[in-house]
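Report on one structure; see the data block that follows.
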Amino acid sequence: MSLLHDLVEAVAAGSVEVVDLTAPLSGDTPILRLPEPFGNTWRFQTEEISRYDERGPGWYWNNFRSGEHTGTHFDAPIHWVTGRDGEDVAQVPARKLIAPAVVLDRSAQTVDNPGYLLEIDDVKAWEAEHGPLPAGGWLLYRTGWDARGDDDDAYLNAGNTPGISPECAKWLATETPIAGLGVETVGTDAGAAHSFDPPFPCHSFLLGAGKYGLTQLRNLDRLPVTGAVVIAGPLPIVRGSGSPARVLALVER
Ligand code: MN
């Protein structure tokens, strides 16, 4: 039997579970809000073309408009000025969109400290227990924030949301073999990261190093600490800085 045959059999039988890490995409999906004078992303929005009516008697379809960074989405290196000479989202090699993932859970720490920042020592302690971060894989940073994902105000929390310290962001970008960082929050950086040095260090260091971001992930609590495989599917928007993405995880049960 071939590897792929075994895989589809295992998915059908449930011994490999497909966990959807994607938030539903609608006009209610929370989006980042930047202060004046910065531009802002669009909410996701649909416009009906026809629905079994005179505009199209046998078919239903919509147009949609969306920001590249709306909902569960993929950050490509050119999203940030530090990565401006790097890949756009259409240039990300397809083989890099299927990758191992590990979960680092700090959801307990954010309960009393929503602005909690992950430090290098936290990751090193995790590695001492679970092994090295995966080469070419994702570090999925669980904060419990997905539980707030249906409530704009609770999710954005007036800019007080968890993230990663500048030192740790730089270390992850330059000293670890990960391909990218996945988070549950609206962006890879903490809510207060505009005031960090440098500002938005996850974006600055990781994208500047040619690495990727995944945001607004859900169901990380259903993943094992190690051993999951993530399939991330951003649209190949030519010269795009990112894209809404369907993100799935394969988990052996
Ligand atoms: Mn983004």
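Residue numbers (the working numbering): 1 to 253.
Where is the CB? At the ideal position from N, CA and C, for every residue including glycine.
Buried versus exposed call for residue i [16 or more other C-beta atoms within 10 Å across all chains shown]
i: Q216; result: buried
i: F64; result: exposed
i: V111; result: exposed
i: D28; result: exposed
i: T82; result: buried
i: I49; result: exposed
i: S243; result: buried
i: T70; result: buried
i: T22; result: buried
i: T257; result: No information on residue 257 is available, as it lies outside the stretch 1 to 253 that the chain covers here.
i: F200; result: buried
Supposed close pair residue i, residue j - CB separation, criterion 8 angstroms
i: A169; j: L206; result: 7 angstroms
i: L117; j: I164; result: 6 angstroms
Boundaries of the alpha helix (DSSP H) in which residue i is found, first to last residue
i: V238; result: From DSSP, V238 is part of no alpha helix (DSSP H); its letter is neither H nor E.
i: D20; result: Here D20 belongs to no alpha helix (DSSP H); instead the beta strand (DSSP E) covers 16 to 20.
i: T273; result: Limits of the chain in this structure are 1 at one end and 253 at the other, which puts residue 273 out of reach.
i: T72; result: Run containing T72: none; DSSP gives neither H nor E here.
i: A108; result: 107 to 110
Under the three-state DSSP convention, the category residue i falls into
i: V123; result: helix
i: E129; result: helix
i: E175; result: helix
i: E9; result: helix
i: S50; result: strand
i: A158; result: helix
i: D150; result: coil
i: A245; result: strand
i: E252; result: strand
i: P166; result: helix
i: L101; result: In the sequence as displayed, the identity of residue 101 is Ala instead of Leu. Note: A101 maps to strand in three-state DSSP.
Residue i - containing beta strand (DSSP E), residue span
i: H203; result: Element bounds for H203: n/a, residue is neither H nor E.
i: I231; result: 228 to 234
i: N63; result: 56 to 65
i: R218; result: No beta strand (DSSP E) holds R218; DSSP gives it neither H nor E.
i: Y141; result: 138 to 142
i: G83; result: Taken as a continuous stretch (DSSP letters only), G83 belongs to no beta strand (DSSP E), as it is neither H nor E.
i: V183; result: 180 to 183
Interface flag, residue i vs chain C, CB-CB below 9 angstroms
i: I49; result: The structure shown contains no chain C; it holds only a single protein chain.
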